[in-house]
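Residue numbers (my numbering): 326 to 725.
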């Protein structure tokens, strides 16, 4: 597990570093207004990406380890289902682009990445423990995005094209490497299999979509409440936190297979869960304190002096790292022990909290209100996850 963690972590950090560098360069060229348009389009596109994923990955990984899914027959069927979803979403993006809005044009180009995303056998490689292709593909994808941002004519549409091209290259590499685990992975439509899979994955899909809203809804709320001029500032203030996303993503992807294999005996992983939770708490607390202290320096180095007015935003947002980090560990236990419905209710409660606080505070505080709502919603999510784990898993393990 530790080797897989290091491989994934290296790849994720490389990919995120390249992506962050690309966004810094793009921000400097486009300015706050231009990067605000790209950020809004990317926020909308991220929901489409989640719709393509359909919440299937955790269910498929769990199914392989609990012997309920055969990779050789399941992979092609999952591809087919996701491709159909991608086609519908691209059509919708095309219709929106016909309105003539520049955001629509950027969104349409970004939506082209849906097809390679649909054909990426990420879940298969994670379940098989073959994570190096995922690490390499992420770096290749973001490297192409960076190259386009640096060498191509500057513009949001061109940057979106670079993102789509990078996703295509990464997907092709992962598909080639995954053949050793599932053969040719031919496309196939199996209505019964896909209906059963979607039924099981529905709570996960809802959680993923709603969870994304805890960050992207802030951008949409600013737009809806007439604070479009602060979108670029908020996106830039939030950007430093994304450097920790690789660590948390790798942690979740690494522990889920092990936790799924332990089901239904929580005692096998009790010590690991406790250790990882406390270690994550300590690491995220230290990171938040450092970012709070050096917030002006971080924003100046990344985006330049014009973005120093985002310092109060960053100093509030950093405290989301602590509850976010710990609940990432707890969430994988819920998935492994077939409690995805409980997680779905947890994240819905957090999103409702986020939306209510956004609409209450944005008219008075602008983007700073979004920062407060993000911290509060992540705290609600963490507490709800802990309560669900204690009531539905830990208490049963103790009683047995």
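No residue lacks a Cβ here, since even glycine has one placed at the ideal position from N, Cα and C.
Have a look at residue i and residue j and give me their C-alpha separation to the nearest angstrom.
i: residue 426; j: residue 418; result: 12 Å
i: residue 485; j: residue 471; result: 11 Å
i: residue 599; j: residue 582; result: 17 Å
i: residue 637; j: residue 620; result: 8 Å
i: residue 527; j: residue 629; result: 43 Å
i: residue 575; j: residue 334; result: 6 Å
i: residue 482; j: residue 416; result: 18 Å
i: residue 569; j: residue 542; result: 20 Å
i: residue 557; j: residue 396; result: 43 Å
i: residue 413; j: residue 675; result: 29 Å
i: residue 529; j: residue 585; result: 15 Å
i: residue 505; j: residue 593; result: 31 Å
i: residue 497; j: residue 571; result: 22 Å
i: residue 331; j: residue 551; result: 44 Å
i: residue 329; j: residue 429; result: 39 Å
i: residue 398; j: residue 692; result: 48 Å
i: residue 555; j: residue 515; result: 47 Å
i: residue 513; j: residue 521; result: 15 Å
i: residue 361; j: residue 348; result: 11 Å
i: residue 340; j: residue 694; result: 31 Å
i: residue 682; j: residue 698; result: 5 Å
i: residue 451; j: residue 508; result: 16 Å
i: residue 561; j: residue 350; result: 12 Å
i: residue 624; j: residue 633; result: 6 Å
i: residue 422; j: residue 673; result: 30 Å
Would residue i and residue j qualify as a contact pair, given that the criterion is a beta-carbon distance under 8 Å?
i: residue 270; j: residue 588; result: Past the edges of the chain, shown from 326 to 725, lies residue 270, and the structure says nothing about it.
i: residue 368; j: residue 533; result: no
i: residue 467; j: residue 343; result: yes
i: residue 713; j: residue 671; result: yes
i: residue 440; j: residue 406; result: no
i: residue 377; j: residue 410; result: yes
i: residue 610; j: residue 375; result: no
i: residue 404; j: residue 510; result: yes
i: residue 710; j: residue 678; result: no
i: residue 531; j: residue 436; result: no
i: residue 438; j: residue 366; result: no
Quick one: is residue i buried, meaning 16 or more other Cβ sit within 10 Å of its Cβ, or exposed?
i: residue 720; result: exposed
i: residue 689; result: exposed
i: residue 618; result: exposed
i: residue 549; result: exposed
i: residue 567; result: exposed
i: residue 424; result: exposed
i: residue 393; result: exposed
i: residue 476; result: exposed
i: residue 685; result: exposed
i: residue 596; result: exposed
i: residue 373; result: buried
i: residue 590; result: exposed
i: residue 478; result: exposed
i: residue 271; result: In the structure as shown, the chain begins at 326 and stops at 725. Residue 271 is therefore absent and cannot be evaluated.
i: residue 356; result: exposed
i: residue 386; result: buried
i: residue 615; result: exposed
i: residue 420; result: exposed
i: residue 517; result: exposed
i: residue 459; result: buried
For residue i, tell me which candidate among the options has the shortest Cα-Cα distance.
i: residue 715; options: 667, 682 and 679; result: 667
i: residue 642; options: 696, 672, 592 and 676; result: 696
i: residue 400; options: 499, 609 and 594; result: 499
i: residue 708; options: 559, 647 and 682; result: 647
i: residue 455; options: 533, 572 and 336; result: 336
i: residue 663; options: 622, 388 and 361; result: 388
i: residue 564; options: 640, 606, 552 and 525; result: 640
i: residue 494; options: 510, 445 and 650; result: 445
i: residue 704; options: 366, 507, 624 and 539; result: 539
i: residue 658; options: 507, 573, 718 and 448; result: 718
i: residue 547; options: 403, 680, 341 and 577; result: 680
i: residue 382; options: 552, 669 and 525; result: 525
i: residue 462; options: 474, 403, 516 and 447; result: 447
i: residue 645; options: 627, 623 and 605; result: 605
i: residue 652; options: 677, 625, 615 and 601; result: 601
i: residue 580; options: 514, 634, 488 and 390; result: 390
i: residue 635; options: 559, 706, 665 and 656; result: 559
i: residue 354; options: 656, 627 and 437; result: 627
i: residue 502; options: 625, 350 and 449; result: 449
i: residue 432; options: 487, 464 and 457; result: 487
i: residue 573; options: 650, 442 and 474; result: 650
i: residue 380; options: 523, 553, 687 and 700; result: 523
Exercise. Which residue spans inside the segment 460-510 form an unbroken beta strand (DSSP E) run of at least 3?
Worked result: none
Exercise. Which ranges would you report for the alpha helix (DSSP H) in the segment 551-599 if only whole runs of at least 4 residues count?
Worked result: 556-563 and 570-587
For this session: Mind listing, in chain order, the continuous alpha helix (DSSP H) runs of no fewer than 4 residues lying wholly within the segment 594-655?
Result: 595-618, 620-628 and 636-642
Exercise. Along the chain, which unbroken stretches of the alpha helix (DSSP H) at least 4 residues long are found entirely within the segment 351-389?
Worked result: none
For this session: Counting only runs of 4+ residues fully inside the segment 424-460, write out the alpha helix (DSSP H) ranges in chain order.
Result: 427-436, 439-443 and 447-453
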